[in-house]
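Note sheet for the following structure.
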Amino acid sequence: MFSLECGSLKVCLQAAVEAKTYLGGADLRDADLRGADLRGADLRDAYLRDADLRDAYLRGADLRDADLRGADLRDADLRDADGEKIKIKKHLFKY
């Protein structure tokens, strides 16, 4: 179990990921998550619109149906992430 009094959104999310908390459907619009370690995070259906995910570690994350429109993913590690039907720039992105 993690504390919600963890100081910043980035720190709270990292603690939630470590605790294997389901984060699907989370509203993280406009969040500053630069460099966040979210490896293996369950972010299905999450709202990450306009989030700053530069240099974030999303390796193995479940991003199915996540809304990443306008998100900054420069240098983010998305290896092995499940991105079926990710929404990016008003288009569905399938790979």
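Counting from 1, position 26 in the sequence shown corresponds to residue 31 in my numbering; the numbering is continuous, with no gaps. Just so it is clear, CB atoms sit at the ideal spot from N, CA and C, and this is done for glycine as well.
Check K15 in the structure and name its three-state DSSP category. In this structure, K15 counts as helix in the three-state DSSP scheme.
Among E89, Q19, L73, nearest to D42 - alpha-carbon criterion: Shortest Cα-Cα distance from D42 to any of E89, Q19, L73 involves Q19.
Quick one: what's got a C-beta closer than 7 Å to D87's C-beta in the same chain, skipping five residues either side? Around D87, the same chain offers D67, L68, R69 as residues with beta carbons nearer than 7 Å, after the five sequence neighbours per side are excluded.
Under the rule that 16 or more other beta-carbon atoms within 10 Å means buried, what is Y52, buried or exposed? Buried, because 16 or more other Cβ atoms sit within 10 Å of the Cβ of Y52.
Using only the alpha-carbon positions, how far apart do C11 and A21 sit? Between C11 and A21, the C-alpha separation is close to 11 Å.
With burial defined as no fewer than 16 other Cβ atoms inside 10 Å of the residue's Cβ, what is the status of D35: buried or exposed? By the 10 Å Cβ count, D35 comes out exposed.
Should Y62 be labelled buried (16 or more other beta-carbon atoms within 10 Å of its own) or exposed? Classification for Y62: buried.
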